[in-house]
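Structure, as structure tokens:
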Amino acid sequence: MPTIEIEGNKFEFDGDGFLTTPAIWNEEVAGLIARYDGIEELTDQHWAIINIIRRNYEEKGMAPMIRHICKETGLKLRQIYELFPLGPARGACRVAGLPKPDGCV
Amino acid sequence: MKEANEKIRKGLEVLGSGEDSKLLSHLNACVRCGLCAKSCIYYLSMKDEKLIPASKVDIVASVYRRYFTFTGRQLPGLVKARDLDDKTVTEMVDLLFGSCTVCGRCVKHCSIGVDIEYVVRKGREMLSVMGYVPSTLQSTVRSALNTGNNMAISHGDFVDTLEWMEEELQDEVDDPEARIPMDEKGKKVMYTLNPREPKFFPISISAMAKVFYAAGESWTLSTRMYDVTNYAYFSCHPDEAAVISRRMYDEVNTLEAGMLVLAECGHGVRSNRWESPNYIKKQFGFEVLSSVELMAKYIREGRIRTDRGALKEKVTLHDPCNLVRGGGIFKDQRYILKQCAEDFVEMTPYGTDNFCCGGGGGQLAMSEYNERRMRIAEIKAEQIRKSGAKVVAAPCHNCIDQLSQINFTYKLNVKVKTLAEIVADSLII
């Protein structure tokens, strides 16, 4: 399991860069992962997406459907991909501290 | 101890059932000349002799010699025969799961035609029946077995997403009657999806629906069995692969569809079309086509019309291994692109000689080997960079995810698209 140092803080990630222990996630961690992925500042729109992903994960143990994210935030599909250039799975879910979803992502 | 012996017995059964003369021929035929080294993205990227495809054949062959040949049984050291012990198993997992995308490029280059890919798959099958599939890959197989799709999408969420995409389609074609039919019986086409489409990337669903709309096709999606993937094809567990294959076969029959149309998914096309009849030991009574072939057919027959100048940016094409080298679909994707794009350029090499994106063979699902996956991807990154293209078309959702990561990691600044998206944007309706 690689440990990655982001701005002096050490985090354990799985091979794919998803947090090994989702429980250690907090808002500061999200900001650090995002910066690592080239997102300088997490805006309100980013946070709206992250919060929905977190809530879904805490309630159902998995990432929400993109449908759910769009419906709840009122954002268009295109905007989600713009906000998280690595996409909803490898981008948004990773910043939100979820484990890697199964399948072709 | 007893449990360990039982595992070994199961693993050896894969090698020694005595019925697989192909396996024995190919295990014995490889003379380890090493010509395959330069075919392999792992060897080319890391220059480690262990990674040469012949070494992957050799580890399986050495176990075979140990248990099924006279000399190997009596004097294993003399013929480099190996026990199927923990050390060998660990090495096998690392080589056959962790260092191979089962792309088959080495098979094409082998001067005596050893089916290295087949031997690797048999090695994986041994590990699979012994319970040594990397956990992330097995988890994806388990999701499919337990929930009917590899991302564990609930029925309600799936239907909700299709309804949403139906609305998008209606807006797009400005026709409130445009539809995404669900579970309708007696249609000509039963279409399928890769679960990552409804879960995270649904644009390709409405894109393909738009193509069906323009062609006036009689089609439906099943809401019970729509998952085109079969990850047990990667874990190489024959019984699990058969369960998944049979569900698709049964669903086509339940919906009384005339034709099964497979979404843009390399292994999905190969496993459903070519492997499935072997898994379930049954010949299909219906036609099976990939959506790439179907779209080309629509254009050729004049059922849809495209604007040849619709895509203005330079576009190149990635050839998914299982669709092209392993699936025989080579011309149709090129024909389609030339009907939609002004400036199409091939990568070098391309077609059946193309390099894997690095995400094949289940690699994309296996976090354990992510670092290697991105390292071997440099070859594909350079191919794309040298093409000078701004758009990369890839008729495989798995490749698309890997290509998107390559795009980000190697800063290529390209757009990665499915063919359905490109065709949908070029349609003249």
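As you go down the protein sequences, you meet chains C and X in turn. One rule links them: number in my numbering = place in the first sequence (from 1) + 42. One rule links them: number in my numbering = place in the second sequence (from 1) + 6. Backbone N, C-alpha and C define an ideal beta-carbon position, used for all residues, glycine too. Quick caveat, the model's predicted, so the values are computed rather than measured.
#1: Can you tell me the Cα-Cα spacing of residue 417 (chain X) and residue 89 (chain X), whole angstroms?
#2: From this set, C:47, C:66, C:81, C:100, which residue's C-alpha is nearest residue 134 (chain C)'s C-alpha?
#3: Compare the C-alpha of residue 335 (chain X) against each of X:297, X:177, X:361 and name the closest.
#4: Could you list which residues in chain X have their beta carbon closer than 9 Å to that of residue 116 (chain C), in chain order?
#5: Within a Cβ cutoff of 6 Å, which residues of the same chain sit near residue 85 (chain X), ignoring the five residues on either side of it in sequence?
#6: How about the stretch 55-71 of chain C and the stretch 106-117 of chain C: do they share at least three Cβ pairs that are nearer than 8 Å?
#7: Does the distance from the C-beta atom of residue 86 (chain C) to that of residue 373 (chain X) stay below 9 Å?
#8: Would you mind telling me which residues of chain C sit closer than 7 Å to residue 225 (chain X), beta carbon to beta carbon, in chain order?
#9: Using a Cβ cut-off of 9 Å (strictly closer), state whether residue 125 (chain C) contacts chain X.
#10: My assumption, with CB atoms under 8 Å, is that residue 107 (chain X) sits in contact with residue 364 (chain X). Please give the rounded CB distance.
#11: If you draw a straight line from the alpha carbon of residue 62 (chain C) to that of residue 139 (chain C), how long is it in whole angstroms?
#12: Near residue 312 (chain X), which residues of its chain fall below 7 Å by C-beta distance, leaving aside the five closest residues on each side in sequence?
#13: Name the two residues that bound the continuous beta strand (DSSP E) containing residue 51 (chain C).
#14: Compare the C-alpha of residue 158 (chain X) against each of X:202, X:256, X:318, X:37 and name the closest.
#15: With a threshold of 9 Å between beta carbons, is residue 80 (chain X) in contact with chain C?
#16: Under a Cβ-count criterion, where at least 16 other Cβ atoms within 10 Å of its own Cβ denotes burial, should residue 118 (chain X) be classed as buried or exposed?
#17: Could you name the residues of the same chain whose beta carbon sits closer than 7 Å to that of residue 96 (chain C), not counting the 5 residues immediately before and after it, in chain order?
#18: If contact means a Cβ-Cβ distance below 9 Å, which residues of the stretch 350-377 of chain X contact chain C?
#19: If we define contact as Cβ-Cβ less than 9 Å, is residue 50 (chain C) a contact residue for chain X?
#20: Can you tell me whether residue 46 (chain C) is helix, strand or coil according to DSSP?
#21: Can you check whether the C-beta of residue 166 (chain X) is within less than 9 Å of a C-beta belonging to chain C?
#22: How should residue 43 (chain C) be labelled, buried or exposed, when 16 other C-beta atoms within 10 angstroms of its C-beta is the threshold for buried?
#23: Taking 9 Å as the threshold (C-beta atoms), are residue 50 (chain X) and residue 382 (chain X) in contact?
#24: Check whether chain X comes within 9 Å of residue 132 (chain C), counting only Cβ atoms and requiring the distance to be less than that.
#25: I need the boundaries of the alpha helix (DSSP H) containing residue 179 (chain X), first residue and last residue.
#26: Give the straight-line distance between the Cα atoms of residue 105 (chain C) and residue 252 (chain X), rounded to the nearest whole angstrom.
#27: Between the stretch 119-133 of chain X and chain C, which residues of the former have CB atoms less than 9 Å from a CB of the latter, in chain order?
#28: Does any heavy atom of the ligand SAH sit closer than 8 Å to the C-beta of residue 98 (chain C)?
#29: Smallest Cα separation from residue 156 (chain X): which of X:343, X:111, X:228, X:237?
#30: Name, in chain order, the residues that DSSP records as bridge partners for residue 347 (chain X).
Quick look at the numbers:
#1: Walking along the second sequence from the start, residue 417 (chain X) turns up at place 411. Walking along the second sequence from the start, residue 89 (chain X) turns up at place 83. Approximately 46 Å, taken between the alpha carbons.
#2: Residue numbering aside, residue 134 (chain C) sits at position 92 when the first sequence is read from its first letter. Selected option, being the one with the closest Cα: C:81.
#3: As a working note, residue 335 (chain X) is residue 329 in the second sequence. Ranking X:297, X:177, X:361 by Cα distance to residue 335 (chain X) puts X:297 first.
#4: What you label residue 116 (chain C) is simply residue 74 of the first sequence in a count that begins at 1. Those within 9 Å of residue 116 (chain C) in chain X number zero; the least Cβ separation is about 14 Å.
#5: Counting from one through the second sequence, the residue named residue 85 (chain X) turns up at place 79. Excluding residues within five positions, the ones whose Cβ falls inside 6 Å are 71, 77, 78.
#6: no
#7: Residue numbering aside, residue 86 (chain C) sits at position 44 when the first sequence is read from its first letter. Residue numbering aside, residue 373 (chain X) sits at position 367 when the second sequence is read from its first letter. Cβ atoms of residue 86 (chain C) and residue 373 (chain X): not closer than 9 Å.
#8: Taking the first residue of the second sequence as position 1, residue 225 (chain X) is located at position 219. Chain C residues near residue 225 (chain X): none, gap ~22 Å exceeds 7 Å.
#9: Here residue 125 (chain C) is taken as the residue at index 83 of the first sequence, counted from 1. It does not; no Cβ of chain X falls within 9 Å.
#10: For the purposes of this step, residue 107 (chain X) is taken as residue 101 along the second sequence, with counting starting at 1. For the purposes of this step, residue 364 (chain X) is taken as residue 358 along the second sequence, with counting starting at 1. Between residue 364 (chain X) and residue 107 (chain X) the Cβ distance is about 6 Å, and since that is below 8 Å, they are a contact.
#11: Against the first sequence, residue 62 (chain C) aligns to sequence position 20. Against the first sequence, residue 139 (chain C) aligns to sequence position 97. So the alpha carbons of these two residues sit roughly 9 Å apart.
#12: Sequence index remark: in the second sequence, residue 312 (chain X) carries index 306 (1-based). Here the set comprises 305, 345, 346, 429, 432, 433, 434.
#13: For this step, residue 51 (chain C) is matched to residue 9 along the first sequence. Unbroken beta strand (DSSP E) run through residue 51 (chain C): 51-54.
#14: On the second sequence, residue 158 (chain X) is found 152 positions in, with the first residue counted as 1. Nearest option by C-alpha distance: X:202.
#15: Within the second sequence, the letter at position 74 stands for residue 80 (chain X). No, because no Cβ of chain C sits closer than 9 Å to the Cβ of residue 80 (chain X).
#16: Numbered from its first residue, the second sequence carries residue 118 (chain X) at position 112. Answer is exposed; the Cβ neighbour count stays below 16.
#17: Counting from 1 along the first sequence, the entry for residue 96 (chain C) is found at position 54. Result list for residue 96 (chain C): 138, in chain order.
#18: 365, 370, 371, 372, 373, 374, 375, 376, 377
#19: To locate residue 50 (chain C), count along the first sequence from 1; it is residue 8. No - not a single Cβ of chain X is within 9 Å of the one on residue 50 (chain C).
#20: Within the first sequence, numbered from 1, the residue matching residue 46 (chain C) stands at position 4. The answer is strand: DSSP assigns residue 46 (chain C) an E or B state.
#21: Within the second sequence, residue 166 (chain X) is the residue found at index 160, counting from 1. Cβ-Cβ to chain C under 9 Å: yes for residue 166 (chain X).
#22: Your numbering for residue 43 (chain C) matches position 1 in the first sequence. With a pLDDT of 49 at residue 43 (chain C), under the threshold of 50, the modelled position of this residue cannot be trusted; read the value that follows with caution. When all chains shown are included, residue 43 (chain C) counts as exposed.
#23: Translated into the one-based positions of the second sequence, residue 382 (chain X) becomes position 376. Translated into the one-based positions of the second sequence, residue 50 (chain X) becomes position 44. Yes, Cβ-Cβ distance for residue 382 (chain X) and residue 50 (chain X) is below 9 Å.
#24: The count along the first sequence starts at 1 and reaches residue 132 (chain C) at position 90. Yes - at least one Cβ of chain X is within 9 Å of the one on residue 132 (chain C).
#25: Counting from 1 along the second sequence, the entry for residue 179 (chain X) is found at position 173. Where residue 179 (chain X) is concerned, the enclosing alpha helix (DSSP H) stretches over 161-179.
#26: Start at 1 with the first residue of the first sequence, and residue 105 (chain C) comes out as number 63. Start at 1 with the first residue of the second sequence, and residue 252 (chain X) comes out as number 246. Cα-Cα distance, rounded: 28 Å.
#27: none
#28: As far as ligands go, the structure on display features none, and thus does not contain the ligand SAH.
#29: Within the second sequence, residue 156 (chain X) is the residue found at index 150, counting from 1. With distances taken between Cα atoms, residue 156 (chain X) lies closest to X:237.
#30: Here residue 347 (chain X) refers to the residue found at position 341 of the second sequence. X:317, per the DSSP bridge assignment.
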